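Asker:
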Amino acid sequence: AQKVTQAQTEISVVEKEDVTLDCVYETRDTTYYLFWYKQPPSGELVFLIRRNSFDEQNEISGRYSWNFQKSTSSFNFTITASQVVDSAVYFCALSERSNMLTFGGGTRLMVKP
Amino acid sequence: KAGVTQTPRYLIKTRGQQVTLSCSPISGHRSVSWYQQTPGQGLQFLFEYFSETQRNKGNFPGRFSGRQFSNSRSEMNVSTLELGDSALYLCASSTRGDEQFFGPGTRLTVL
Chain A
20 AQKVTQAQTE ISVVEKEDVT LDCVYETRDT TYYLFWYKQP PSGELVFLIR RNSFDEQNEI
80 SGRYSWNFQK STSSFNFTIT ASQVVDSAVY FCALSERSNM LTFGGGTRLM VKP
Chain B
8 KAGVTQTPRY LIKTRGQQVT LSCSPISGHR SVSWYQQTPG QGLQFLFEYF SETQRNKGNF
68 PGRFSGRQFS NSRSEMNVST LELGDSALYL CASSTRGDEQ FFGPGTRLTV L
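Chains A and B supply the protein sequences, listed in that same order. Quick note: to get the working numbering, add 19 to the position in the first sequence (first position is 1). Quick note: to get the working numbering, add 7 to the position in the second sequence (first position is 1).
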């Protein structure tokens, strides 16, 4: 069975600090996809990134970066120089050979000015 | 391109009633998935439809059902509503095997 764990339920930082959101996953499949979504107060889930299990290359997109390590089954997300607009709930998710997403419990990030 | 739309955005029902929620996917997307989000259980997968066929189903009772039309629009129905069905219901659309794009959700309150 697949499982995603986000151990940090809530993180509070001051603007311009760097912050890393942790994600650990479990799956028996060798082919799978990992995702990060952002959920602002409006409720809509905003897609941030998708990685497949065969691509362990880290990715950077502006202030966002992702570190995928199969050896530790982790897919961590770092925001550099955080901003108040980054305040939201962030979800890590896993899918195997279908469109069924298994989500972690989410991490609420609060960025204070 | 227009995003995923869901109607209605807010709904209040009483126990025992039934409800139908609608989702219009992004143009060209043939897969529609539904998720339930509650404070206690988090985000849980309900079902996925592709080309009018249910392709995957989550662990929910039979009171939860859905369908997809030939234009890829999807509806989900919950019969005999219970208090615990109060939740944000999210719909997502995708092309096959691609990232899923979510709609704004329908917030259902059961009194």
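Don't be surprised by glycine CBs; every beta carbon is placed ideally from N, CA and C. Only a predicted model underlies this, so the values are computations on that prediction, with no experimental measurement involved.
1. Relative to chain A, which residues along the stretch 99–114 of chain B have a C-beta separation below 9 angstroms, given in chain order?
2. Could you please give the first and the last residue of the uninterrupted beta strand (DSSP E) stretch that includes residue 84/B?
3. Residue 129/A lies in the beta strand (DSSP E); which residues open and close that run?
4. So, helix, strand or coil for residue 118/B, using DSSP?
5. Where does the unbroken beta strand (DSSP E) through residue 65/B begin, and where does it stop?
6. Could you tell me whether the stretch 102–119 of chain A touches the stretch 63–72 of chain B, where touching means 3 or more Cβ pairs closer than 8 angstroms?
7. Which residues in the same chain as residue 76/B place their Cβ atom closer than 6 angstroms to its Cβ, once the five residues preceding and following it in sequence are excluded?
8. For the pair the stretch 78–95 of chain A and the stretch 19–34 of chain B, tell me if three or more CB-CB distances fall below 8 angstroms.
9. Would you say residue 10/B and residue 71/B are within 8 angstroms of each other, going by their C-beta atoms?
10. Only counting the same chain, and skipping five residues up and downstream in sequence, which positions put a Cβ closer than 7 angstroms to that of residue 12/B?
Answerer: On the basis of the supplied data:
1. 99, 101, 103, 104, 105, 106, 107, 108, 109, 110, 111, 112, 114
2. 81–85
3. 126–131
4. coil
5. Per DSSP, residue 65/B belongs to no beta strand (DSSP E) and is neither H nor E.
6. yes
7. none
8. no
9. no
10. 31, 110
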